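Accompanying notes for the structure given below.
In the working numbering, the protein residues as written are 31 to 215.
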């Protein structure tokens, strides 16, 4: 008898370590299914369609919106990003735990469409710590850092909306807490 799978949403502000936590979790738990996002942006060097993203034309993406084939979607910097319903539903029906790493707006859309999804919010120990992490990457201008921090304040204010809040103050500890929570679902 196959057990029913579970949809798990992982979100939190940029720079909090979601991607790092998720990569390590998937390495330790290879049976977890990471939902691949769809996008209208062009593939970057080395990106493979269906593995890194589903690369769609703007018209294809808009048709999927019209046909209600997306669990969530948004437009960022002139490109659409979203999660295709069919691969996620198929994996859940096969008993898999499916993880989506998405932004706050997408998590809210998922909550409306899939209220049984388990939603996890990853927080930094403090806003100052988050700023130090973002600056430590050395990738952003002062304007971009200020924009990320302003967005982080909005996102952190919504943390109470989530089923589980995980403070990423120590990567190894946060990973073990995340792993225990996901495996218990």
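C-beta atoms are modelled at their ideal positions from N, C-alpha and C, and glycine is treated no differently.
These figures come from a predicted structure and were not determined experimentally.
Would you kindly work out how many angstroms separate the C-alpha atoms of residue i and residue j, rounded to a whole number?
{"i": "residue 214", "j": "residue 137", "result": "21 Å"}
{"i": "residue 199", "j": "residue 89", "result": "42 Å"}
{"i": "residue 36", "j": "residue 108", "result": "32 Å"}
{"i": "residue 81", "j": "residue 203", "result": "29 Å"}
{"i": "residue 31", "j": "residue 96", "result": "Confidence in residue 31 is poor, its pLDDT being 42 and thus under 50, which makes the residue's placement unreliable; the coordinate value appears in the next sentence. Rounded to whole angstroms, residue 31 to residue 96 spans 36 Å at the Cα level."}
{"i": "residue 47", "j": "residue 93", "result": "33 Å"}
{"i": "residue 7", "j": "residue 161", "result": "The question about residue 7 has no answer here: the residues shown for the chain are numbered 31 through 215."}
{"i": "residue 206", "j": "residue 54", "result": "10 Å"}
{"i": "residue 165", "j": "residue 180", "result": "14 Å"}
{"i": "residue 151", "j": "residue 62", "result": "18 Å"}
{"i": "residue 117", "j": "residue 66", "result": "9 Å"}
{"i": "residue 34", "j": "residue 119", "result": "11 Å"}
{"i": "residue 210", "j": "residue 201", "result": "14 Å"}
In the DSSP output, what is residue i paired with across the bridge?
{"i": "residue 109", "result": "106"}
{"i": "residue 174", "result": "According to DSSP, residue 174 bridges with nothing at all."}
{"i": "residue 183", "result": "According to DSSP, residue 183 bridges with nothing at all."}
{"i": "residue 192", "result": "The partner list for residue 192 (beta bridge, DSSP) is empty, contrary to what the question assumes."}
{"i": "residue 53", "result": "For residue 53, which the question treats as bridged, DSSP gives no partner whatsoever."}
{"i": "residue 69", "result": "85, 111"}
Using a threshold of 9 Å, state whether the C-beta atoms of residue i and residue j are closer than that.
{"i": "residue 86", "j": "residue 131", "result": "no"}
{"i": "residue 83", "j": "residue 68", "result": "yes"}
{"i": "residue 208", "j": "residue 196", "result": "yes"}
{"i": "residue 40", "j": "residue 56", "result": "no"}
{"i": "residue 141", "j": "residue 111", "result": "no"}
{"i": "residue 127", "j": "residue 184", "result": "no"}
For the candidate residues the options, whose alpha-carbon lies nearest to that of residue i?
{"i": "residue 212", "options": "82, 59, 173, 102", "result": "59"}
{"i": "residue 145", "options": "192, 76, 169", "result": "192"}
{"i": "residue 49", "options": "71, 124, 129", "result": "129"}
{"i": "residue 98", "options": "125, 66, 143", "result": "143"}
{"i": "residue 134", "options": "124, 149, 121", "result": "149"}
For residue i and residue j, which I take to be in contact (beta-carbon distance under 8 Å), what is that distance rounded to the nearest angstrom?
{"i": "residue 189", "j": "residue 44", "result": "Their Cβ separation, rounded to whole angstroms, is 15 Å, which puts residue 189 and residue 44 out of contact at 8 Å."}
{"i": "residue 139", "j": "residue 172", "result": "Actually they do not touch by this definition, with Cβ atoms about 32 Å apart."}
{"i": "residue 42", "j": "residue 153", "result": "6 Å"}
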